[in-house]
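Numbering (full-length UniProt numbering), first residue to last: 1 to 43. The beta carbon of each residue, even a glycine, is placed where N, CA and C say it ideally should be. Everything below concerns the one structure shown next.
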């Protein structure tokens, strides 16, 4: 089984840029061969 990863959206991202950043994180993690669990966004 592949190692697991959690994505962290940078706090300086908001709105649509935060969503785009989350998508980029997921793609990068999967490209590295990790099992992507979920995304964490700052409050």
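Please classify residue i: does DSSP put it in a helix, a strand, or coil?
i: residue 15; result: helix
i: residue 29; result: helix
Whose C-alpha, out of the options, is nearest the C-alpha of residue i?
i: residue 28; options: 41, 1 and 7; result: 7
i: residue 36; options: 26, 19 and 13; result: 26
i: residue 42; options: 3, 4 and 18; result: 18
i: residue 11; options: 4, 3 and 22; result: 22
i: residue 24; options: 34, 33 and 9; result: 9
Give me whichever residues DSSP pairs with residue i in a beta bridge.
i: residue 37; result: According to DSSP, residue 37 bridges with nothing at all.
i: residue 6; result: 38
Exposed or buried, which one is residue i when buried takes at least 16 other CB atoms within 10 Å?
i: residue 40; result: exposed
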